[in-house]
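Colleague: For what it's worth, the working numbering labels the leading residue of the sequence shown as 38, then goes sequentially. Virtual Cβ for every residue (Gly too), placed ideally from N, Cα, C. Predicted model, so just to flag it, every value in this text is computed and none were measured. Dropping a structure here in structure tokens format, bear with me for questions.
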Amino acid sequence: MKPFIPVWDVLIRLAHWSLMLAVTLAWLSAEVFGWFAMHEPAGYAAITIVVVRVLWGFVGSRYARFKQFMQRPSATWRYAWTVLRGHAPRYVGHNPLGGWMIMVLLSSIALTCVTGWLFTTDMFWGDPLVHLLHNVFAWTVLVLITLHVVGVAHASRAHHENLVSAMITGRKPAPEGDDCG
Ligand code: HEM
Ligand code: HEM
Numbered sequence: 038m039k040p041f042i043p044v045w046d047v048l049i050r051l052a053h054w055s056l057m058l059a060v061t062l063a064w065l066s067a068e069v070f071g072w073f074a075m076h077e078p079a080g081y082a083a084i085t086i087v088v089v090r091v092l093w094g095f096v097g098s099r100y101a102r103f104k105q106f107m108q109r110p111s112a113t114w115r116y117a118w119t120v121l122r123g124h125a126p127r128y129v130g131h132n133p134l135g136g137w138m139i140m141v142l143l144s145s146i147a148l149t150c151v152t153g154w155l156f157t158t159d160m161f162w163g164d165p166l167v168h169l170l171h172n173v174f175a176w177t178v179l180v181l182i183t184l185h186v187v188g189v190a191h192a193s194r195a196h197h198e199n200l201v202s203a204m205i206t207g208r209k210p211a212p213e214g215d216d217c218g
């Protein structure tokens, strides 16, 4: 059996699953149940988790750090090309596309929350532009989450590993051969 190593620390895992819960609750409470007493707390929880995660990206454990997984656009395009040709290397941490996806996802969630909060202030209450922006960011988040889950499923299949259980246990098979990280 392949040896496993610790990759995702406790904060990354807790932040991931609680962010998923907060964003899901924010969405369902606004669009499905119309339950606004739940909407704003869920949104505030989401922005708090995003801020903690961003700070952890500078001081957290090895695979949590942005420096470990963020790659230049040129290297990311090269990686995307290997994905399209079906011979992408395995990354122990986030792959370059995954890294950019995380940044865009976290930023879109933050912008959704900021515009939602602005909408509750005296200055912007009822402002159609802020309302429109809140909607546009909320839908962008939904599209990104769909792409995120497709990316996770694709990488899991391509490298014969269960990335979802790794995000639960924090452990992944140790790098071997041409693996990166
Ligand atoms: C609201 C929904 C979701 C949000 C906002 C979200 C957000 C994120 C973020 C920010 C990361 C980066 C982790 C970090 O380094 O902090 C991540 C990674 C990950 N997410 Fe999600 N996620 C969502 C739903 C899901 C779902 C439904 C699954 C399971 C299918 C999933 C599986 C994963 C996995 C496996 C990783 C690690 C990817 C890798 O190995 O590089 N996520 N997610
Ligand atoms: C991830 C976080 C969030 C998501 C996904 C989200 C999503 C949504 C969605 C889909 C709507 C329905 C828009 C419509 O159909 O008109 C909505 C409305 C609203 N959101 Fe958020 N939201 C989030 C965070 C927040 C936060 C943090 C606040 C305020 C503190 C907030 C305040 C509001 C308000 C006041 C409305 C009602 C606008 C109206 O009157 O139609 N949201 N949100």
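Starting from Lys104, follow the beta strand (DSSP E) in both directions and report where the run begins and ends.
Modeller: Per DSSP, Lys104 belongs to no beta strand (DSSP E); it is in the alpha helix (DSSP H), 103-106.
Colleague: At 3 residues or longer, what runs of the beta strand (DSSP E) sit wholly inside the stretch 157-181?
Modeller: Runs found: none.
Colleague: Comparing the CB of His76 with every heavy atom of ligand 2, is any distance shorter than 7 Å?
Modeller: Yes, the beta carbon of His76 sits closer than 7 Å to at least one heavy atom of ligand 2.
Colleague: Quick one: is the Cβ of Ala125 within less than 7 Å of any heavy atom of ligand 1?
Modeller: The answer is no for Ala125.
Colleague: Please report the distance separating the alpha-carbon of Ile139 from that of Ser66.
Modeller: In a straight line, the C-alpha of Ile139 is about 24 Å away from that of Ser66.
Colleague: Does the distance from the CB of Gly130 to the CB of Tyr100 come in under 8 Å?
Modeller: Yes, Cβ-Cβ distance for Gly130 and Tyr100 is below 8 Å.
Colleague: So what does DSSP say about Phe70, is it helix, strand or coil?
Modeller: Coil.
Colleague: Quick check on DSSP: helix, strand or coil for Pro212?
Modeller: Residue state, collapsed to three classes: coil.
Colleague: Using CA atoms only, rank isn't needed, just tell me which of Val151, Thr183, His185 is closest to Leu170.
Modeller: Out of Val151, Thr183, His185, Val151 has the C-alpha closest to the C-alpha of Leu170.
Colleague: Taking the beta strand (DSSP E) that Pro43 falls in, what are its first and last residues?
Modeller: From DSSP, the beta strand (DSSP E) with Pro43 extends over 41-43.
Colleague: Could you tell me whether the Cβ atoms of Pro234 and Lys39 are closer together than 8 Å?
Modeller: Since the first and last residues shown for the chain are 38 and 218, residue 234 lies out of range.
Colleague: Could you check the C-alpha separation between His191 and Met75 for me, to the nearest Å?
Modeller: About 34 Å.
Colleague: For Gly97 and Asp46, which I take to be in contact (beta-carbon distance under 8 Å), what is that distance rounded to the nearest angstrom?
Modeller: Indeed they touch by this definition, with Cβ atoms about 7 Å apart.
Colleague: Exposed or buried, which one is Gly123 when buried takes at least 16 other CB atoms within 10 Å?
Modeller: With fewer than 16 Cβ atoms within 10 Å of its Cβ, Gly123 is classed as exposed.
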